[in-house]
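First comes the structure, then the notes that go with it.
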Amino acid sequence: MDFDLTEEHLAIQDAVAKVCSDFDDEYWTEKDTKAEFPHEFHRAMAEGGWLGITMPEELGGSGLGVTEAALMMNAVAKGGGGAAAMSTLQINLFAPHPIVVLGTPEQKERMLAPLISGSEKTCFGVTEANAGLNTTAITTFAGRVDGGYVVNGSKLWTSTAQEADNILLLTRTTPLAECTKPTDGMTIFFTRLNREKIEVQRIPKMGRSAVDSNAIFIEDLFIPERDRIGDEGKGFYYLLHSLNPERIIVAAGAVGIAEDALRRASRYAQEREVFGRVIGQNQGIQHPLAENWCQIEAARMMMLKAADLYDSGKSCGAYANAAKFLGGRAAFDTATQAVLTHGGMGYAKEYQVERLLREAMLQRLTPVSEQLILSFIAEKELDLPRSY
Amino acid sequence: MKILIPIKRVIDFNVRIRVKKDGSGVETANVKMSMNPFCEIAVEEAVRIKEAGKAEEIIAVAIGGRQCQDILRTALAMGADRAILIETDVEVQPLAIAKLLKATIEKESPGLAILGKQAIDGDNNQTGQMLSALLGWSQAAFASNIEFTDTGLEVTREVDGGLETIAIKLPAVVTTDLRLNEPRYVKLPNIMKARKKPLDVMTPQELGVDVAPSIDVLDIAEPPARAAGVKVADVNELVDKLRNEAKVI
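Protein chains in written order, with numbering that gives the first Met the number 0: chain U, 0 to 387; chain D, 0 to 248.
Below, the structure written as structure tokens:
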């Protein structure tokens, strides 16, 4: 058993940390306050080749696995930009995976190369108002027409749709009622985000304001045949492959947010003097932060184990879910404690920890809820009856 | 022309240094290590020279334990073409380093060696100068600018009170100062390429150099803690204190 990261892993984390160090607290505060997309950060990461970390080498990517992508995301989140920095890049890591696996050479070149170079962005339309985690209930429909499809419907929580040039879209091509299995009859497209046919409405939200989340409404959008990924009707199965990587990567980012919060809290506790001594000398301040450290390291190990299982082709479902659960909790608990450690100053934007707390809440909510994680683990690991 | 860039692995500049309890050295177990920042500047300069078409090959050299491979890979990712690790567990001192580099240079015959002016751990500022003396090569230490001329190099040096520009002939040893350049960030595709670049390992014995230390370190101690500052009421009090207590003005 080897718990050490490899030389290459450390090189990845170091190199990412250097890019992040050019973007300071002031930058992220401003992006958060003004709800502006961090284009400069996106560009810097694109120039460093980081957007292609999991993409095929022949298209300019680096063909690395979930472990490396997770380590990159950890360094990104830890670098001060938190969830905003993560979400600037996350869409590039695994959402386009169906194109990597199933795309024709023409599709790969046309769709993936611009994402890797950063010249184009994409968003991912899956969730709907009445579907949520129950993905098979989606109703956005692609009807066959000459040369392609016409799509009508709506999507919710589509991140980066304000900025995206393209959309990776999950639709039904057979209504649920007509399918033998609910997971049949869905199809994936990667197509231009045509704003004449797609209305994108920004959702004001609690945190991570720099990166937009949206409700989108699609009306009579024509999608040519050449924009369909893989076979018609198999879209849901294509997506399944990227669910565990997404959980692992979110866990890695959540651990990064927690680490940043803990670093800030410890530093403040070392500097802030009350009653003639630094507050960090008080066990009432020390112990909760030490507990956060334990949480963070446990979440990190779970995340790396899940990533390693995935990369070696083994089943990782329970571990990927557990990593996301522990990571989300570590981020939220540590960010909360970081605000409390700062006392009243923790409520001031200047100290950044309130931003991290608002972003940490998101880590508990997405991409899968804590309840569903626990239900899944109860069913798969404890052999209890399925509850959903 | 080949360029040789000797680089050193040191405790990362962001890490707070802790002295070992017995005063025998500083704590390096579980401490983040990196390439010495002045060496990074040397790598960057060599890569820029090659990019400008004035050199064909860059060889990075490190001396130390197996773990020094990490900084060599970093140098390869920044643009060096191949690397040599001279592997030893002895803590090699500047004169022995210079001798090892001389032996490497005699094997590789580069036209230029670029080194950091000093490493941030020992702060010796000796290796480059010793190397040039051992080789009988021209020397330009503390470079803040390097230009190629028909006859060699024109090097601007940061000296007390200003900048000095000197002309030197090749082959030469140049040591880098902080303002020579700003090293690039390593790009992911280049980290991947660095994996495949050659990294040879040799030993001091193979180079015929005795690396036994010639200087004994007697003790290493923490610097004394800084005394707390004093608040003054106004400028007059400040001037008074500076003149009569600190006696600095």
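Every residue gets a Cβ at the ideal spot worked out from N, C-alpha and C, and that includes glycine.
- In terms of beta-carbon proximity, U/L9 lines the interface with chain D, with at least one pair separated by less than 8 Å.
- Think of a sphere of 7 Å around the beta carbon of U/I52: the chain D residues whose beta carbon falls inside it are L187, in chain order.
- Here DSSP, grouped into helix, strand and coil, assigns D/R81 to strand.
- In its chain, beyond the 5 residues on either side, I62, G63, G64, T202, P203 and V210 have a beta carbon closer than 8 Å to the beta carbon of D/T87.
- Contacts with chain D at 8 Å (Cβ-Cβ) include U/S61.
- For the stretch 188-217 of chain D, the set of residues with a beta-carbon nearer than 9 Å to any beta-carbon of chain U comprises P188, N189, I190, M191, A193 and R194, in chain order.
- Per DSSP, reduced to three states, the secondary structure at D/N29 is coil, with no helix or strand assignment.
- Fully enclosed alpha helix (DSSP H) runs of no fewer than 4 residues occupy 234-270 of the stretch 213-297 of chain U, in order along the chain.
- Taking a contact as a CB-CB distance under 8 Å, the pair U/T121 and U/L114 counts as one, their CB atoms being some 6 Å apart.
- Taking every protein chain shown into account, the CB of U/M54 has 16 or more other CB atoms within 10 angstroms, so this residue is buried.
- Around the beta carbon of U/H38, a 10 Å sphere encloses fewer than 16 other beta carbons of the protein chains shown; the residue is thus reported as exposed.
- Check the Cα spacing between D/A118 and each of D/K101, D/I167, D/T174 and D/S137: the tightest is with D/T174.
- Residue environment for D/N243: exposed (fewer than 16 other C-beta atoms within 10 angstroms of its C-beta).
- Exclusion of the five residues before and after U/V18 leaves A43, M44 and G47 as the residues of its chain whose Cβ lies within less than 7 Å of its Cβ.
- Non-local C-beta neighbours of D/L162 in its own chain, meaning closer than 6 Å and more than five positions away in sequence, comprise T155, ordered along the chain.
- Residue burial is scored here from C-beta neighbours: D/E39 has at least 16 other C-beta atoms within 10 angstroms and is therefore classed as buried.
- The shortest CA-to-CA distance from D/D69 to any of D/E43, D/K246 and D/V9 is the one to D/V9.
- For the stretch 9-40 of chain U, the set of residues with a beta-carbon nearer than 8 Å to any beta-carbon of chain D comprises L9, A10, I11, D13, A14, K17 and V18, in chain order.
- Any Cβ of chain U closer than 8 Å to the Cβ of D/D69 would place that residue at the interface, and such an atom is present.
- Here DSSP, grouped into helix, strand and coil, assigns U/C315 to coil.
- For U/M205, DSSP assigns no beta-bridge partner whatsoever.
- Boundaries of the alpha helix (DSSP H) harbouring U/R363: V352 to L364, taken from the DSSP string.
- The beta carbon of D/A76 falls within 8 Å of a beta carbon belonging to chain U, placing the residue at that interface.
- For U/G48, the chain D residues whose C-beta falls within less than 8 Å of its own C-beta are K186, L187, P188 and N189, listed in chain order.
- For D/F12, the closest C-alpha among the options D/K246, D/N35, D/M0 and D/L71 is that of D/N35.
- For the options U/Y267, U/F36 and U/A74, the alpha carbon positioned closest to that of U/I11 is the one of U/A74.
- Against chain U, a Cβ distance below 9 Å from D/R81 picks out nothing, because the smallest value is about 17 Å.
- Taking all protein chains in view, the Cβ of D/M129 is crowded by 16 or more other Cβ atoms within 10 Å, so the residue is classified as buried.
- Within chain U, the C-beta atoms nearer than 9 Å to that of D/R72 come from E6, E7 and A10, in chain order.
- U/Y346 has no beta-bridge partner at all, per DSSP.
- DSSP places U/V15 within a helical segment (H, G or I) once states are collapsed to three.
- Buried is the label assigned to U/G252, since at least 16 other Cβ atoms lie within 10 Å of its Cβ.
- Boundaries of the alpha helix (DSSP H) harbouring D/T103: P93 to E107, taken from the DSSP string.
- Taking the CA atoms as reference points, U/Y237 sits about 27 Å from U/A83.
- Going by C-alpha positions, D/T150 is about 6 Å away from D/K168.
- Assignment of alpha helix (DSSP H) within the stretch 145-233 of chain D, counting only whole runs of 4 or more residues, yields 187-195 in chain order.
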